[in-house]
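Counting in UniProt numbering, the sequence shown runs from 1 upward without gaps.
Backbone N, C-alpha and C fix where the C-beta goes; we use that ideal spot for every residue, glycine too.
The structure displayed is predicted, hence computed values, not measured ones.
Below: one structure, written as structure tokens.
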Amino acid sequence: QQLTRGERLMELLKQPQFTPYPVEEQVVSVWTGTNGYLDDLEVSEVLPFEAALLGYLRRSSSVLETIRSTGQLTEETEAQLKADVEAFRSSYAAGDHLLTGEVAAAEDEAPAERTSEQIVLKRG
Numbered sequence: 001q002q003l004t005r006g007e008r009l010m011e012l013l014k015q016p017q018f019t020p021y022p023v024e025e026q027v028v029s030v031w032t033g034t035n036g037y038l039d040d041l042e043v044s045e046v047l048p049f050e051a052a053l054l055g056y057l058r059r060s061s062s063v064l065e066t067i068r069s070t071g072q073l074t075e076e077t078e079a080q081l082k083a084d085v086e087a088f089r090s091s092y093a094a095g096d097h098l099l100t101g102e103v104a105a106a107e108d109e110a111p112a113e114r115t116s117e118q119i120v121l122k123r124g
């Protein structure tokens, strides 16, 4: 289970070059992964799930704004985050038709492809 969770956390930590996520979104993403909410997803589903979750939280919750404004994840904020993530997970797992808009909006917000670059220096 630890390796499975680690694989999903590695996927979560991928960010598009030159467009890092805001700190509050990083906090939510890492919290979601370390608390087991991604464990039953395929690795290929992690980034779409993360994008949809963040889109859902931006539109339907004050958690991101609270973390941004206070710079803290208090017990109260964590309890709200847990409730929000669980509500989202149940809709996501059920394939709720209301969520289709969330996924489409999240896909618009998420980069289509994540790539890496390699710089090769030729000496001579």
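Cutoff 6 Å; reference Leu38; Cβ partners in own chain excluding five residues on either side: Taking the sequence shown and counting its residues from 1, one reaches residue 38 at position 38. The answer, listed in chain order, is Arg8 and Val46.
Using alpha carbons as the reference points, say which of Leu41, Val28 and Ala51 lies closest to Ala79. Residue numbering aside, residue 79 sits at position 79 when the sequence shown is read from its first letter. If we check each option's Cα against that of Ala79, Val28 comes out closest.
Is Leu99 helix, strand or coil when you go by DSSP? On the sequence shown, position 99 is the one that residue 99 refers to. Residue placement at Leu99 is poorly supported in this model, since its pLDDT is 45, which falls under 50; the coordinates still yield a value, given next. Helix, per DSSP.
Below 8 Å CB to CB, which residues in the same chain sit around Glu25 once its five sequence neighbours on both sides are set aside? Here residue 25 refers to the residue found at position 25 of the sequence shown. Within the same chain, Glu25 has close Cβ partners Leu54 and Leu64.
Are Tyr92 and Phe49 closer than 8 Å when you measure CB to CB? Position 92 of the sequence shown, counting from 1, holds the residue named residue 92. Position 49 of the sequence shown, counting from 1, holds the residue named residue 49. Closer than 8 Å, so yes.
Using the three-state DSSP reduction, which class does Leu13 fall into: helix, strand or coil? Looking up residue 13 in the sequence shown gives position 13. Leu13 falls in the coil class under three-state DSSP.
Whole angstroms are fine: how far does the CA of Ser61 sit from the CA of Val23? By 1-based counting over the sequence shown, the position of residue 23 is 23. By 1-based counting over the sequence shown, the position of residue 61 is 61. Each residue's Cα considered, the two are about 16 Å apart.
Which runs of the alpha helix (DSSP H) fall wholly inside the UniProt domain "ATP synthase alpha subunit C-terminal" (1-88) and span at least 4 residues, in chain order? 2-12, 23-34, 43-60 and 63-70
Is the Cβ-Cβ distance between Val85 and Thr32 less than 8 Å? Mapped onto the sequence shown, residue 85 falls at position 85. Mapped onto the sequence shown, residue 32 falls at position 32. Contact: yes.
Distance, Thr77 Cα to Gly71 Cα: As a position in the sequence shown, residue 71 is number 71, starting the count at 1. As a position in the sequence shown, residue 77 is number 77, starting the count at 1. So the two alpha carbons sit approximately 11 Å from each other.
Tell me whether Leu13 is buried or exposed, calling it buried when 16 or more other Cβ atoms sit within 10 Å of its Cβ. Translated into positions along the sequence shown, residue 13 becomes position 13. Exposed.
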